[in-house]
Amino acid sequence: MTDAAFIAALSARAARIEIYLARVLQSATLAGEIERPARLMAAIRHGVLNGGKRFRPFLVIETAGLFGADEAQAMPVAAALECIHCYSLIHDDLPAMDDDDLRRGQPTVHKAYDEAAAILAGDSLLTFAFDLVTDRRNGLGGDVRAELANRLARAAGLGGMAGGQALDLAAASVPPDEDGVRMLQAMKTGALIRFACEAGAILGNASSGDIDRMRIFGETIGLAFQLADDLLDVTQTADRMGKATGKDDASGKVTLVGLRGTAWARNELDRLVAEAESLLEPFGPSGYPLRAAARFVAYRQS
Ligand code: GRG
169 MTDAAFIAAL SARAARIEIY LARVLQSATL AGEIERPARL MAAIRHGVLN
219 GGKRFRPFLV IETAGLFGAD EAQAMPVAAA LECIHCYSLI HDDLPAMDDD
269 DLRRGQPTVH KAYDEAAAIL AGDSLLTFAF DLVTDRRNGL GGDVRAELAN
319 RLARAAGLGG MAGGQALDLA AASVPPDEDG VRMLQAMKTG ALIRFACEAG
369 AILGNASSGD IDRMRIFGET IGLAFQLADD LLDVTQTADR MGKATGKDDA
419 SGKVTLVGLR GTAWARNELD RLVAEAESLL EPFGPSGYPL RAAARFVAYR
469 QS
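Quick note: the sequence shown uses my numbering, first residue 169, plus one each step.
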């Protein structure tokens, strides 16, 4: 698959994911809910339906497809993961954390609404993700729903993304060494990407060997994703990224790019892409879209 064909596939799928998210994030209540407050709904929709790449849900659906599960079967889990990703961005942008005014080229949720709305939008999205994964109507068996909910909790929670964010905030006062940076990045950014690939394999009822293989693939491209993000922070403009850049350097934040330099980072990205591609070899041409995904994360320009 060429890189251009991959971008077309990613944006076609992103459009379908956005339609699904827009449908489930409406004001109509579900059984057991009492009311969805209009302003909170508006803040949530502002934070979710705003043109993200939808890369994590793409990975869920594409990995599921590798093992024979179709897009409709994978969509609730894919959407759940995007809800958690969007919650993390909304909270990360808050003044108490990264204090950003711009996200995906638009005002952040606390700027467009207020801080309380942004906190509650994030809280609601995190909880709603587990609603999507565990909803009986999503067509998945009880064991699969429980397994996915459990893995998602571990990827997103204190030993995963939220914990990684805590380590990242602490790193501002006590700079970590390279191992420390690698660990916090594996948690903060890597855990959700890893989950996307594991979840796809679970949705496709893959063998435990294949679930492990996809977990390692997810970890590998998660590393590449963060390394590329750090490189873009050094090399790109805010206009191009739709968010502030140069922040790592300005805040004295330790990154692998800062520790090892941009030439090393570019070589390392090549190495990670080769590793990711070799993990997909057993799947032949069916693995081409995920190979293209690995190249995309490593070599993207925004
Ligand atoms: C607040 C609990 C909590 C966690 C925040 C993910 C995160 C943890 C913070 C975001 C900060 C950041 C810039 C991380 C680097 C990698 C990253 C997650 C980039 C944004 O993801 P993309 O590029 O964004 O997939 P889109 O907008 O396309 O969804």
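Even for Gly, the Cβ is constructed at its ideal location relative to N, Cα and C.
Would you kindly report the start and end of the unbroken alpha helix (DSSP H) that includes residue i?
| i | result |
| --- | --- |
| Asp401 | Ser376 to Thr403 |
| Leu440 | Thr430 to Leu447 |
| Asp311 | Gly310 to Ala324 |
| Ala182 | Asp171 to Val192 |
| Tyr255 | Glu239 to Asp260 |
| Tyr456 | Tyr456 to Tyr467 |
| Lys279 | Val277 to Ala280 |
| Thr231 | Phe223 to Leu234 |
| Asp299 | Glu283 to Thr302 |
| Glu201 | Premise fails: Glu201 is in no alpha helix (DSSP H) and is neither H nor E. |
| Ala367 | Ala359 to Leu371 |
| Met351 | Glu346 to Gln353 |
Once the 5 residues before and after residue i are set aside, which same chain residues still bring their CB inside 6 Å of it?
| i | result |
| --- | --- |
| Glu239 | Ile229 |
| Met355 | Gly328, Gly331 and Gly332 |
| Phe226 | Leu178 and Arg181 |
| Ile185 | Arg222 and Pro225 |
| Ala324 | Ile252 |
| Leu346 | Note that residue 346 is Glu in the sequence shown here, rather than Leu. Leu427. |
| Gln353 | Gln394 |
Evaluate residue i with the Cβ neighbour count: other Cβ atoms within 10 Å of its Cβ, from every protein chain shown; 16 or more gives buried, anything less gives exposed.
| i | result |
| --- | --- |
| Met265 | exposed |
| Ile361 | buried |
| Gly358 | buried |
| Ala247 | buried |
| Arg304 | exposed |
| Ile252 | buried |
| Ile370 | buried |
| Val342 | exposed |
| Arg207 | exposed |
| Gly429 | exposed |
| Ala374 | buried |
| Leu198 | exposed |
| Thr170 | exposed |
| Ala433 | buried |
| Gly309 | exposed |
Identify which residue in the options has its Cα closest to the Cα of residue i.
| i | options | result |
| --- | --- | --- |
| Glu203 | Leu316, Ser292 and Met169 | Ser292 |
| Leu326 | Ser256, Pro275, Phe393 and Ala242 | Ser256 |
| Arg272 | Gly368, Asn218 and Leu448 | Asn218 |
| Arg439 | Pro453, Phe393 and Leu427 | Phe393 |
| Gln194 | Ile212, Thr403 and Glu449 | Ile212 |
| Ala314 | Thr302, Leu198 and Arg322 | Thr302 |
| Ala465 | Val349, Gly310, Ala176 and Val441 | The amino acid at residue 465 is misidentified as Ala; the sequence shows Val. Comparing Cα positions, the closest option is Val441. |
| Gly420 | Asp299, Asp336 and Arg322 | Asp336 |
| Leu316 | Ala280, Phe363 and Ala285 | Phe363 |
| Arg192 | Gly220, Glu250, Ala173 and Met169 | The sequence as given places Val at residue 192; Arg does not occur at that position. Looking at the Cα atoms, Glu250 is the closest of the given residues. |
| Leu189 | Val245, Ala173 and Asp171 | Val245 |
| Leu288 | Met209, Gly455 and Leu320 | Met209 |
| Gly290 | Asp311, Ala433 and Cys254 | Cys254 |
| Val312 | Pro344, Leu437, Asp380 and Gly372 | Gly372 |
Kindly list the residues whose CB is nearer than 7 Å to the CB of residue i, restricted to its own chain and excluding five residues on each side of it in sequence; keep chain order.
| i | result |
| --- | --- |
| Gly307 | Gln241 |
| Glu443 | Thr388 |
| Ile384 | Leu447 |
| Arg322 | Gly328 |
For residue i and residue j, I'd like the C-alpha separation in whole angstroms.
| i | j | result |
| --- | --- | --- |
| Gly215 | Phe296 | 14 Å |
| Leu399 | Val425 | 6 Å |
| Ser470 | Gly200 | 41 Å |
| Cys365 | Ser446 | 15 Å |
| Asp282 | Arg224 | 27 Å |
| Gln274 | Pro457 | 30 Å |
| Ala396 | Ala460 | 15 Å |
| Asn435 | Leu391 | 13 Å |
| Gln404 | Arg468 | 11 Å |
| Ala462 | Ala431 | 19 Å |
| Arg350 | Arg319 | 21 Å |
| Asp268 | Gly452 | 43 Å |
| Thr423 | Ala280 | 30 Å |
| Ile175 | Ala339 | 35 Å |
| Gly455 | Glu449 | 7 Å |
| Gly348 | Ala334 | 13 Å |
| Ser376 | Gly386 | 15 Å |
Short of 8 Å in beta carbon distance, which residues of its chain neighbour residue i, apart from the five on each side in sequence? Order them along the chain.
| i | result |
| --- | --- |
| Gly368 | Leu227, Val228, Ile229, Glu230, Thr231, Ala232, Gly233, Leu234, Phe235, Ala237, Ala242 and Met382 |
| Ala196 | Arg204 |
| Asp378 | Phe235 and Ala369 |
| Ala286 | Ala211, Gly215, Ile258, His259, Asp261, Leu262, Thr276, Val277 and His278 |
Is residue i near ligand 2, with its Cβ less than 6 Å from a heavy atom?
| i | result |
| --- | --- |
| Lys356 | This structure simply doesn't include ligand 2; it includes ligand 1 instead. |
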